[in-house]
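J.:
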Amino acid sequence: MPTSDSQLLEGNKIRIGKQIVLPFSKAVEISLRGVRVRFWRSMITMSGIILAIAFMVSVWVGGAVLDGLRSPEVRERKVISAVLGEPDKLVYEAADGTGKTVELKRERVVRNTVAFILNSKGYDTGAASGEEGAQGADGRSAGPGGAAPAAASVQSRGSKDLWLVVLSLCVAVVGIVNAMLMSVTERFREIGTMKCLGALDSFIVKLFLLESGFLGGIGTAIGVAIGLLLTAVSSLIGFWAVRGEIFSAISWSSVLWGLGITLLTGTALSVIGTIYPAIVAARMEPVAAMRQEA
Amino acid sequence: MLGQTIVRTKDVKRIYTMGNVTVEALRGINIEIRAGEYLSIMGPSGSGKSTFFNMVGGLDKPTEGKVYIDEVDVAQLDAYELAWLRCRKVGYIFQSFNLIPVMTALENVTLPMVFAGLNNDEARDKGMELLKQVGLDKRHSHKPFEMSGGQQQRVAIARALANDPAIVLADEPTGNLDLKTGTEIIDILKRLNKERNVTIISATHDMKMLKASDRIVWIRDGRVDKIEKSEDIVIQEGSVDGEH
Ligand SMILES: Nc1ncnc2c1ncn2[C@@H]1O[C@H](COP(=O)(O)OP(=O)(O)O)[C@@H](O)[C@H]1O
Ligand SMILES: [Mg+2]
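These protein sequences, in sequence, are chains L and P. Under my numbering, the letters of the first sequence match residues 255 to 548, in that order. Under my numbering, the letters of the second sequence match residues 96 to 339, in that order.
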């Protein structure tokens, strides 16, 4: 069957079509299937972001608890004063008129746990060691007028915590990039097969990004739940004497706002961490499916 | 019932380069394959069968020479056309089955239909029909790890036929199967070849494959050693000079 080049070109148009780009909903459908089946394993991949988000939430909500308890209204009612230089310490003058004071210190469980994890990964936070020394200094000196120093100390607590939160989120993203790259290498046969079956590169990218978006969302939600639980426990333990005030003192709208931002941040970070691995996956050659080694 | 030429290769060479080591996997292959043919490619391990497959299936491009599928030069196709070709024109069967582990048998079979743009209902009906043809319609909701090797390979056959391809490429489809299961797979392939008039190109060490084939191409060191009609070879059936 002799064919000239011009005929080939014509044949090209007639015989070979262009692959369609799948509707987004199809990619969602297929990625959800993968998420469902690989759920528990993926949650281990997401453990970094879960912990980091738990930390972020506990810092955020824990801060809201402290700020709430420090607010003028609560202080007036319960005669609480913040202690200069020690943002996590509150002095509570018992309202029974005896003038007795009780010193409250919020438990540092959460922060020290995360600091420990970061330290064990080689990130020096200085948080785990440096904290204890500040304890027991000349406390309860701030009188009723100590609002300005209190605000300043809140600020210093804020920036230090922010630094830790950012650091732990970075560690989590690096963890996701790493885990996703491993997952891509592990799934080379699956990716190669999909390409043999007609998947476009863009579909593979979408698949990975969607998967990590869903997993990141779920992981963040779990992290938020853990963070809230830890904050509730540590606040109750730390401020047992004023436990009745905690809930009413908190500014819930700012907490909810914060949780929303957290949810977005966690999901976005896990998608961002998957961009590079997804491109690596999409560039994988379909012949990878043929490779014999397990 | 052989039709016109569906695959044609012209002096196909493939050289792999790894650092400063080069391997000449294919050293100039000229072959013409007719539509509806059952062609076996025989040769020892490392002789270049898989490499040749990748060329014919549009999975890899030759270093030199041309591959024409339906008289279209594969090297001229862009990414969308290649994906289209892999999706609709060619069906692949692998030695290691390569089912998507998180999907059921039916989902595996319908995946290429999804890529081709079929809606869920159409794909489902067609997928069930294909599973029935390989005798696995009752197992449509099973995951690959719940099935034996032979069953997985049958699902893979159904999947390869999803978009009614003109060509089915099978690279050692019985390589991971025992004798009896392997024979069943070959029987299914032969039956589909007859019933659907689909071109089957299969690489193998397996002598059982020879009986099913119309022609056998012997490859050695990246070259075509000889091409035989199956009528000629059945008589002198014996050992194959290529073990696993
Ligand atoms: N991706 C690759 N990179 C380098 N060399 C390869 C690659 N694939 C195959 N080869 C080499 O090409 C030759 C043919 O291999 P292959 O086509 O897999 O043979 P067969 O399938 O007949 O066993 C072998 O020498 C093999 O080592
Ligand atoms: Mg091979």
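Beta carbons are placed, not taken as given, at the ideal position from N, Cα and C, and that holds for glycine.
So does Ser243/P have its beta carbon nearer than 6 Å to some heavy atom of ligand 2?
T.: Every heavy atom of ligand 2 is 6 Å or more from the Cβ of Ser243/P, so no.
J.: Taking Glu267/P as part of the alpha helix (DSSP H), name the residues at either end of that continuous run.
T.: Premise fails: Glu267/P is in no alpha helix (DSSP H) and is neither H nor E.
J.: Have a look at Val431/L and Gly470/L and give me their C-alpha separation to the nearest angstrom.
T.: In a straight line, the C-alpha of Val431/L is about 12 Å away from that of Gly470/L.
J.: For Thr199/P, which of helix, strand or coil comes out of DSSP?
T.: Reduced to three states, the DSSP call for Thr199/P is coil.
J.: So that I know if they touch, is there some Cβ in chain L lying closer than 7 Å to that of Ile101/P?
T.: So, not an interface residue.
J.: If contact means a Cβ-Cβ distance below 9 Å, which residues of the segment 450 to 465 of chain L contact chain P?
T.: Going along the segment 450 to 465 of chain L in chain order, one finds Cys450, Leu451, Gly452, Ala453, Leu454, Asp455 and Phe457 with a Cβ nearer than 9 Å to chain P.
J.: Examine ligand 2 and report whether any of its heavy atoms sits within less than 6 Å of the Cβ of Ser145/P.
T.: Yes, the beta carbon of Ser145/P sits closer than 6 Å to at least one heavy atom of ligand 2.
J.: Nearest chain P C-beta to Gly271/L closer than 7 Å, yes or no?
T.: Cβ-Cβ to chain P under 7 Å: yes for Gly271/L.
J.: Residues in its own chain within less than 8 Å of Asn266/L by CB, not counting five upstream and five downstream?
T.: Confidence at Asn266/L is low in this model, with a pLDDT of 42, below 50, so its placement is unreliable and no value can be given for it.
J.: Is any heavy atom in ligand 1 found nearer than 6 Å to the beta carbon of Val118/P?
T.: Under cutoff, so the answer is yes.
J.: Give the list of continuous alpha helix (DSSP H) stretches no shorter than 4 residues that lie fully inside the segment 206 to 283 of chain P.
T.: Listed in chain order, they are 215 to 228 and 244 to 255.
J.: Is it the case that the segment 490 to 500 of chain L contacts the segment 270 to 283 of chain L, given that we only count it when at least three CB pairs across the two stretches are under 8 Å?
T.: At 8 Å Cβ cutoff, the stretches do not touch.
J.: Would you check whether ligand 4 has a heavy atom nearer than 6 Å to the C-beta of Tyr111/P?
T.: What this structure holds is ligand 1 and ligand 2, not ligand 4.
J.: Can you find a CB in chain L that lies within less than 7 Å of the CB of Pro207/P?
T.: Judged by the 7 Å Cβ criterion, Pro207/P is in contact with chain L.
J.: For Asp266/P, count the other beta carbons within 10 Å of its own beta carbon; 16 or more makes it buried, fewer makes it exposed. Which is it?
T.: That one is buried.
J.: Report the three-state DSSP secondary structure of Val167/P (helix, strand or coil).
T.: In this structure, Val167/P counts as strand in the three-state DSSP scheme.
J.: Would you please verify whether the beta carbon of Val541/L is less than 7 Å from any beta carbon of chain P?
T.: By this cut-off, Val541/L is an interface position.
J.: Skipping 5 residues on each side, what residues in its chain have a beta carbon closer than 8 Å to that of Val282/L?
T.: If we look at Val282/L and ignore the five residues flanking it on each side, its Cβ neighbours are Leu464.
J.: At a cut-off of 6 Å, would you count Gly153/P as near ligand 1, judging by its Cβ distance to the nearest heavy atom?
T.: Result no, Cβ not under 6 Å from ligand 1.
J.: List the residues of chain L whose Cβ lies closer than 8 Å to the Cβ of Ile195/P, in chain order.
T.: Ordered by position in chain L, the residues that pass the 8 Å Cβ test against Ile195/P are Glu444, Thr447 and Met448.
J.: Give the secondary structure of Glu283/L by DSSP, where H, G and I count as helix, E and B as strand, and everything else as coil.
T.: Note: Glu283/L maps to helix in three-state DSSP.
J.: Mind checking whether the beta-carbon of Gly446/L lies closer than 6 Å to any heavy atom of ligand 1?
T.: False, no ligand heavy atom lies under 6 Å from that Cβ.
J.: Is Ser142/P near ligand 1, going by C-beta to nearest heavy atom under 6 Å?
T.: Because some heavy atom of ligand 1 lies under 6 Å away, the Cβ of Ser142/P counts as near it: yes.
J.: Find the residues of chain L that neighbour Ser145/P, judging by a C-beta separation of less than 7 Å, and give them in chain order.
T.: Those within 7 Å of Ser145/P in chain L are Met544.
J.: Would you kindly work out how many angstroms separate the C-alpha atoms of Ser466/L and Asn214/P, rounded to a whole number?
T.: Those two C-alpha atoms are separated by around 26 Å.
J.: Could you give the C-beta distance for Leu423/L and Ala306/L, rounded to a whole number, given that I count them as a contact under 8 Å?
T.: Between Ala306/L and Leu423/L the Cβ distance is about 5 Å, and since that is below 8 Å, they are a contact.
J.: Mind checking whether Ile281/P and Lys303/P have CB atoms under 7 Å apart?
T.: Cβ distance < 7 Å, so Ile281/P and Lys303/P count as in contact.
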